[in-house]
Amino acid sequence: MTEPHSTPPTGRSGRLLRRIVLTLILIALVYSGLWYVAAHQMETRLSALLASDRFGVGCQDMAVGGYPVRLTVGCSKLTVDNRARGTSGTFGAIEARAPVYSPGRIDADLSGPGEFRVAPDLVVSAQWTTALLSLRTGFSGMQSASLSSQDLTGSLTGAAGLMPPLHFALKAGQGTVTRNGEDLKTDATVQALALSTPEGTALLPPFDARLNADLTAQAPVLQGHPLPLRGSQGRLDTLSVDFGNGLIGSASGPFAIDDEGLVSGEFDLVIDNIDGWRDAVIAAVPESRSMARNVATMLRALSGNSERAKVKLNVRKGTAFLAFIPIGVLPRF
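Each residue of the sequence shown is one higher than the one before, counting from 1 in the UniProt record's numbering.
Below is the structure:
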């Protein structure tokens, strides 16, 4: 009895297999050609933009890559110079990635160190372990932008006599700006932020903070327009700080910034552990001893001698009032 032999594919099935293989090869060749055309166009346009004075951005040793599933742009050094606003900065290497399977998405890694300067004398220098940027765009422009960082340390130096040098350290931080119709929704968090003098003297205990706010009629900012804080208004949904040991505070309420950069608004202020806050403020700023004690006494009186105060904080033209008594001045924007 003879064993059956395997039958070779018929002529029709063989031709079908060859057509499938040829089709896949053709698709791969067309895709590769389109990818390289897109990469070349992107490199050409970016080079033209960087060569102009429109954005004031420099990209040293620019390289385009990412084949086959993304488009990437890398720079060994990133510089920013906006003379109109008096701002400039230098940063380490950056790599931006745009997946071809997710149009409108751009992610980037930014390396330190970085230095940001604001005319005439404000300088912020920083170093970090990781810094991630993310953008989401749509047909009507940018929909959201976010920045996160880990292990951020640095210093802030201002004009002599106007602001003492300040050192800072941050375990983690994240900020997001999202379009909500014609408004902008902002959400920012920081973990274990420590402030100290250049000599290493702690100004405040490390603390966590969160900011959640809405700015009305600011959607054009996500289309590349500058953020006009002066003349704007919005609502502070949450501004909270937590120093540990029960030292917790939060504020919320509507606000407006006039054409001179002065803030006005009415905020609901909640403070836990009034005596603890008083002692912490006195330890950080000894010359404020009298004011800190007076404010603590006032908060206790307004809250029925409780350790938890719920009061209204009124801000008029940059001056904060507690029960008609001025307790501080906010900086101009």
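Beta carbons are placed, not taken as given, at the ideal position from N, Cα and C, and that holds for glycine.
Only a predicted model underlies this, so the values are computations on that prediction, with no experimental measurement involved.
Sorting Trp277, Leu71, Asp53 by C-alpha distance to the C-alpha of Asp81 places Asp53 at the top. In this structure Gln174 is in contact with Ser148, their Cβ atoms being roughly 4 Å apart against a cut-off of 8 Å. Ser32 carries a helical assignment under DSSP once its states are collapsed to helix, strand and coil. The region 174-187 and the region 198-207 do not touch, with fewer than three beta-carbon pairs separated by less than 8 Å.
The three-state secondary structure of Leu152, taken from DSSP, is strand. With fewer than 16 other Cβ atoms inside 10 Å of its own Cβ, Val285 counts as exposed. Contact between the region 89-108 and the region 64-75 is present, with at least three C-beta pairs closer than 8 Å. Exclusion of the five residues before and after Arg230 leaves Ile257, Asp258, Asp259, Glu260, Gly261, Phe333 as the residues of its chain whose Cβ lies within less than 8 Å of its Cβ. A straight-line Cα-Cα distance of about 10 Å links Thr238 and Phe267. Within the model, the alpha-carbon separation for Gly11 versus Leu17 is close to 10 Å.
Only residues of its own chain outside the window of five on either side were considered, and among them Leu184 have a CB closer than 6 Å to the CB of Gln218, listed in chain order. Ile248 counts as buried, since at least 16 other C-beta atoms from the protein chains shown sit within 10 angstroms of its C-beta.
In the structure shown, Asn245 adopts coil according to DSSP, grouped into three states. By the neighbour-count criterion, in which 16 or more other beta carbons inside 10 Å mark a residue as buried, Gly14 falls on the exposed side. By the Cβ neighbour-count rule, His167 is buried, with 16 or more other Cβ atoms within 10 Å of its own.
Residue pairing for Asn314: DSSP places it in a beta bridge opposite Glu266, Phe321. The beta carbon of Ala280 is closer than 8 Å to those of Leu204, Pro205, Phe243, Leu247 in its chain, skipping five residues each way along the sequence. Here DSSP, grouped into helix, strand and coil, assigns Val100 to coil. The C-beta of Phe207 has 16 or more other C-beta atoms within 10 Å across all chains shown, which makes the residue buried. In the same chain as Gly65, and ignoring 5 residues on each side of it, the C-beta atoms closer than 6 Å to its own belong to Thr72, in chain order. The beta carbon of Tyr101 lies closer than 7 Å to those of Val69 in the same chain, with the five residues before and after it left out.
Residue environment: Ile271 is assigned as buried (16 or more neighbouring CB atoms within 10 Å of its CB, all protein chains considered). Your pair Arg308 and Arg293 does not check out as a contact, with CB atoms roughly 19 Å apart and the cut at 8 Å. Between the beta-carbon of Thr79 and that of Thr90 there is about 5 Å, and that keeps the pair under the 8 Å contact cut.
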